[in-house]
Amino acid sequence: MLGAVSVMPGQTGIDFQGLWYEHKRFVLSVGLGLAVLSILLSVTASIEATTQGLRRNSDKLRTDIEEGVDALEGNEGRALGLAEELRGKALPELLAEVAWELDPAYVVPEEETNPYGHYVNVRPQAERFVKKRTDALNVAYPKDLGFPDEIKNELVAETLVRLDVARHVVRTLADVGARKVTSIAQRPAVIEAVPQSRLAGSGESAEGPWVRRLPFQVEWEGSVESLYGFLGAFGKKGRVLLIERCQVKRNTKGGTIQCDLSLVAVELLTQLPAGAASADPEAGGSRPTGRPTRGGRPTRGRTFGGRRY
């Protein structure tokens, strides 16, 4: 509360200077408090405005994220549908391009009651097909192309495909300048179902045809040019071999190279062969295996379909 205001005799009015000196500290304190209060109110308003802006941005960002997730889910569904459609249409066509085209003579006739007898008749033809060319070019190769004399009836169809592939491989090696075919080793086959596109509106999927992969390994001696020629010869439709591994070693003498190729022939099947109900590596009947032969003599006993002979 302000102090009493005194008026000297002979003076009129209020002594403001006295008032100022007397209440200076109080006035300054109140003024500073008001200034601080004003600043705090301004800062508080600014913080509230910033908070509201961040809240609006957060709400917008959340909305954008939800819309983006919805769009991604829709795109994912469309992409899966497109992938399934392509797999059902394009994959069989692609497999048909790389499938091995089997010589009709190497197909077991439907009326044949003794498939093994057909194999016995065909195998010498494969030998003559190769021998005529290799003898003329003086190229050595494993006896009987590394195939056994006796096999089970359920293995005949697959073995004939392998025999057809092997005879073309050895003859082609002779044609491109190989000096010696050291070994041919058959590896276990794998059968896989080719998924078809989902039937429109049915919600069901169809399987088949099936693909049988017939891997084998061939070792031979020749030149770099012969390697190029060999690889180029098996890139055409009906005569395609897939390369799994190619190892080349240069011989110190003679200027030749030693090639070790792991190749795969692909066969399309319209039905599963006997004993091949699954693609399990332990499955028996459709999984022939073999070991290399060197110089016309088997280095170790070979097996076909898990059976030693």
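Per this note's numbering, the sequence shown starts with residue -17, numbered consecutively. The beta-carbon is built from N, C-alpha and C at its ideal position, and this holds for glycine as well.
Buried/exposed call for residue i, threshold 16 Cβ in 10 Å
| i | result |
| --- | --- |
| Val121 | buried |
| Leu137 | buried |
| Arg169 | buried |
| Ser260 | Only weak support exists for where Ser260 lies, its pLDDT of 45 falling under 50; the value from the coordinates is given anyway. Ser260 should be labelled exposed. |
| Phe8 | exposed |
| Glu264 | Note on Glu264: pLDDT 40, under 50, position unreliable in the model; the coordinate value appears next. With fewer than 16 other Cβ atoms within 10 Å, it is exposed. |
| Glu79 | exposed |
| Gly204 | buried |
| Ala53 | exposed |
| Val18 | exposed |
| Val51 | exposed |
| Thr234 | exposed |
| Leu155 | buried |
| Val206 | exposed |
| Ser184 | In this prediction, Ser184 has a pLDDT of 39, which is less than 50 and means its spatial position is unreliable; what the coordinates show is noted afterwards. With fewer than 16 Cβ atoms within 10 Å of its Cβ, Ser184 is classed as exposed. |
| Val25 | exposed |
| Leu148 | A small correction: the amino acid at residue 148 is Ala; Leu does not occupy that position in the sequence shown. With 16 or more Cβ atoms within 10 Å of its Cβ, Ala148 is classed as buried. |
| Ile47 | exposed |
| Ile29 | exposed |
| Lys91 | A small correction: the amino acid at residue 91 is Pro; Lys does not occupy that position in the sequence shown. Exposed, since its Cβ has fewer than 16 Cβ neighbours within 10 Å. |
| Thr95 | exposed |
| Glu186 | Unreliable placement is indicated for Glu186, whose pLDDT of 40 sits below 50; the coordinate value is still reported in the next sentence. With fewer than 16 other Cβ atoms within 10 Å, it is exposed. |
| Gly35 | exposed |
| Arg144 | buried |
| Ile133 | buried |
| Gly128 | buried |
| Ala118 | exposed |
| Gly13 | exposed |
| Ala31 | exposed |
| Gly278 | Low confidence applies to Gly278: its pLDDT is 40, below 50, so where it sits in the model is not reliable, and the reading given next is rough at best. Gly278 is exposed by the Cβ-count criterion. |
| Ala27 | exposed |
Whole-number beta carbon distance between residue j and residue i, since they are thought to touch under 8 angstroms
| i | j | result |
| --- | --- | --- |
| Ile239 | Phe198 | Ile239 to Phe198, Cβ: 20 angstroms. No contact. |
| Val230 | Leu209 | 7 angstroms |
| Glu201 | Asp242 | 5 angstroms |
| Pro191 | Thr252 | 5 angstroms |
| Glu109 | Asp85 | Their Cβ separation, rounded to whole angstroms, is 14 angstroms, which puts Glu109 and Asp85 out of contact at 8 angstroms. |
| Arg105 | Arg153 | Not confirmed; about 15 angstroms, so no contact. |
| Val172 | Arg195 | 5 angstroms |
| Asp146 | Tyr88 | 4 angstroms |
| Val193 | Leu250 | 6 angstroms |
| Pro255 | Ala139 | 6 angstroms |
Continuous beta strand (DSSP E) stretch holding residue i: start and end
| i | result |
| --- | --- |
| Ser244 | Ile239 to Leu251 |
| Glu226 | Leu224 to Arg232 |
Span of the alpha helix (DSSP H) around residue i
| i | result |
| --- | --- |
| Val206 | Val206 to Ala215 |
| Leu127 | Careful: Leu127 lies outside any alpha helix (DSSP H) and carries neither H nor E. |
| Ala139 | Val138 to Val158 |
| Asn103 | Pro97 to Leu119 |
Per DSSP, the bridge partner or partners of residue i
| i | result |
| --- | --- |
| Ser165 | Glu201 |
| Ala81 | Val248 |
| Arg195 | Val172 and Val248 |
| Arg221 | Lys218 |
Residue i Cβ short of 7 angstroms to the ligand NAD heavy atom set
| i | result |
| --- | --- |
| Asp131 | This structure simply doesn't include the ligand NAD, nor any ligand for that matter. |
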